[in-house]
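Counting in the numbering used here, the sequence shown runs from 9 upward without gaps. Let me begin by presenting the structure, written as structure tokens, before commenting on it.
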Amino acid sequence: MKKILNSTFGLKSFKRGQKEIIQSVIHGKDVFVVMPTGSGKSLCYQLPAIVREGLTVVISPLIALMMSQVLYLKKLGINCGALTSSSSPGEVTEILDNLSQKTLKILYIAPERLSKASTIKILKAGNVNLIAVDEAHCVSQWGHDFRPNYLLIGNLRESLNVPLVALTATAGPRTKIEITKLLFGKNKPKSFYFGYDRPNIFMSFQLKSSPRDQILNFVKKNKKTSGIVYCATRAKTETIANALNEIGYSALAYHAGLESSIRRNVETLFSSKNNLIIVATIAFGMGLDKPNIRWIVHADIPQSIENYYQEIGRAGRDGKPAIALTLYSQEDIDFRRQQINEGTMMEVQKDLNHQRLNHIIGLADDIDCRRKNLLRYFGEDIVLCKNCDLCKNPKDTFEASKSIQKILECIILTNEKYSIANIINLLIGHLTDKIKKNNDQKNKFFGTGKEFNNLQWLAIIRQMMGRDLIRPSLKGVNSICLTVQGKMFLTNKHPINFNLDSFHKISKKVKIKTLVSDDDQALLSMLKANCRKLAENSNIPSHFIFREATLIEMAIKKPKNIDEFFMIHGVGPKKLEKFSTSFLKIINISPPDPLHPARRKLIGGNSAYIYDQLIEAQSKLAYGKDGHQKKITCSPSIIAKISKLINPTQAVINNILGEKKALRFGKAFLKILKDF
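See the structure below:
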């Protein structure tokens, strides 16, 4: 075993727990493994696959992760392959040939393949002797990343009658029970739990004040190191990467909208190059083998504690100190709520996802040791860690039980039909159309909350959500309801302290944002009127179109075109598509020129600028350098493809263009990309 570790994998020693797990798997035991991120779970089935006779089937939810593992194992001389939803007929044929010759040692399979009878037939004839389930928490409907096809794995195990090893880094007590029941059935697996703590990672959260500056200042303090910035949207990855490049850092954007060849190039560069920053959606980092990532920044609040734990776990895998900074705001939370509500999952799953979001809000607005509360979520207890921002600088608190009681009783008295905004309006005595319609100006709570302003009440409500006392209701649009914990609080009232720093900062931040010059006030009024009109036509609240802060930024910055409009905070791809023409017409009097769809997809990133430069160069050279040759042009899709290339060679560009177009445009296009 040690010999294979050295000669095949090039490793000198096992990490904690690996040796015991691998021995159990080699001996044919059913095994359940919970290990922290970066502990080397993959080796726990890869090494046994070499030692044992026959084929090891690995079920994994991410195609990118599977393909990177296949490339890695092939470099080590291990015969392996992958069957995914995107496998070509040729790739499937090659795998079938290897299976028939019994030369394949490891076969990665996407879970959706398990629903095909042809896949089961292949596996039954393939001399399978072990099933490895990566990201085993995906089988749990309670888990944060439920994949329905994982429910087919238990039947597959029984059908093949082979041992199974299930591995995960994120499984709380309830998820562990589900994994054991659904994957192992009546068999009792040998379980290995190594805890969740990553003590070398310093954990920190900050309310957003000036997010761009907060990120740039953090990177400046941690220069000459590799790190990852996680963003909620693709557009933001491009924006932040561009901002970092402008001040002299090497940064690359990474998201699912990029072509697979570009994503692979980014992954390769990050794995091999030091001092490189990746600005990515959550798709980046799974299975990444880079031990010296020194920091992780979340530019927006993560979807859940499980996601947060997985993502910060990509830092400091060499055991040396690392830092995790998370920025958050009410707008982040609203965006995550909207993602959940617009999802296609069942109502019960949406409710669970709202609960998970509540837990990460609680961690963000915490007043106690962050690591202690993070590990408590996974069923572990520790004393204070002394390696988080709250242990280093404890927060001031205030006793909030009377305010909590007032809000909970107000929600009950309005039959859980009011939104957060309407609850606050009722408390501060602001008579809205909704309150008039329901005659709630006679409600006993109307005007009883004037001790706080609306933003301070919002901070209290957010911290109540962080304690999971209230949650969005699935019965009405934007309404909130009490949870079991909220009802228990009213029955057994007890003191609850909230974060005073969070309470103050939210009220200061937004007041500064609302300062608009007299010159811009008229434009702002027109933008607000347009927002109300669009909202009325769609029968939705106006803030669903754009929030006031977004309209203020439009009035101040006055975007001239669709690219500049996309840079406004709060404008995402869908809203850009729906509303850009309407608002730009107001800002600029006349409507903007329409963009080709290929160009529109690039909005907000470096590639958009390069695309425009390439179009300009093409225009100059369309009739040749002398202006007298036959006109040649490239399609917008080809121009878009070239604009997204990273460090290309002349040969790569020429191959995309074809012979004739390469002669006309190749050198000019390469110069533009090199200059950029």
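From the three backbone atoms N, C-alpha and C, an ideal C-beta is built for every residue, glycine too. Predicted model, so just to flag it, every value in this text is computed and none were measured.
Along the segment 415 to 476, the alpha helix (DSSP H) occurs as fully enclosed runs of 4 or more residues at 428 to 436, 441 to 445 and 462 to 474, listed in sequence order. Judged by their CB atoms, Glu99 and Trp150 are not nearer to each other than the 8 Å cut-off.
In the DSSP assignment, the residues bridged to Met211 are Ala332 and Cys396. Note on geometry: alpha-carbon atoms of Asp221 and Leu63 lie some 52 Å from one another. Of the other Cβ atoms in all chains shown, fewer than 16 fall within 10 Å of the Cβ of Asn135; this residue is therefore exposed. Around the beta carbon of Arg182, fewer than 16 other beta carbons sit within 10 angstroms, so the residue counts as exposed.
Membership of Tyr116 in any alpha helix (DSSP H) is not indicated; the residue belongs instead to the beta strand (DSSP E) covering Ile114 to Ile117. Closest option to Arg165, judged by alpha-carbon separation, among Phe154, Ala177 and Lys194: Lys194. Excluding the 5 residues flanking it on each side, Arg540 has same chain C-beta neighbours closer than 7 Å at Ser550, in chain order.
Assignment of Cys489 by DSSP, reduced to helix, strand and coil, places it in the strand class.
Contact between Cys418 and Phe453 is confirmed by a C-beta separation of about 5 Å, below the 8 Å threshold.
Judged by pairs of C-beta atoms under 8 Å, the segment 362 to 370 touches the segment 469 to 484, as three or more such pairs exist.
Secondary structure of Pro480 (DSSP, three-state): strand.
Exposed is the label assigned to Ile255, since fewer than 16 other Cβ atoms lie within 10 Å of its Cβ. For Arg272, the enclosing alpha helix (DSSP H) starts and ends at Ser268 to Ser280.
Between the alpha carbons of Ile341 and Val41 lies a gap of roughly 33 Å. Contact check for Gln77 and Ser50: beta-carbon distance about 7 Å, within the 8 Å limit, so the pair qualifies.
Beta-bridge partners assigned by DSSP to Thr64: Ile114 and Leu138. Taking 8 Å as the cut-off, the Cβ atoms of Ala408 and Phe506 count as close.
Taking a 10 Å sphere around the C-beta of Met353, we find fewer than 16 other C-beta atoms and assign the residue as exposed. Counting the other CB atoms within 10 Å of its CB gives Thr657 a total below 16, which places it among the exposed residues. Within the same chain, Pro644, Ser645 and Ala648 come within 6 Å of Ala606 by CB-CB distance, once the 5 residues on both sides are set aside. Taken atom to atom, the span from the alpha-carbon of Glu246 to that of Ser269 is near 17 Å.
Within the segment 13 to 81, the runs of alpha helix (DSSP H) that reach at least 4 residues and sit entirely inside it are, in chain order, 26 to 34 and 51 to 59.
Ile680 sits buried, since 16 or more C-beta atoms from the chains shown fall within 10 Å of its C-beta. According to the DSSP secondary-structure assignment, Glu102 is paired through a beta bridge with no residue.
Annotated three-state conformation of Tyr238 is strand, per DSSP.
Here DSSP, grouped into helix, strand and coil, assigns Arg302 to strand. The criterion of a C-beta distance shorter than 8 Å is satisfied by Gln338 and Arg470. Within the DSSP bridge table, the entry for Cys88 names Ile114 as partners. Cβ neighbours of Asn381 within its own chain (closer than 7 Å, five residues either side excluded): Leu371 and Asp374.
Counting only runs of 4 or more residues that sit fully inside the segment 606 to 633, the alpha helix (DSSP H) segments are 614 to 629, in chain order.
For Ser510, the three-state secondary structure derived from DSSP is helix.
Counting of Cβ neighbours within 10 angstroms places Lys244 among the buried residues, the total reaching 16 or more.
Of Pro97, Ser217 and Ile390, the smallest CA-CA separation from Asp205 is found for Ile390. Between Leu508 and Leu535, the gap from beta carbon to beta carbon reaches 8 Å or more.
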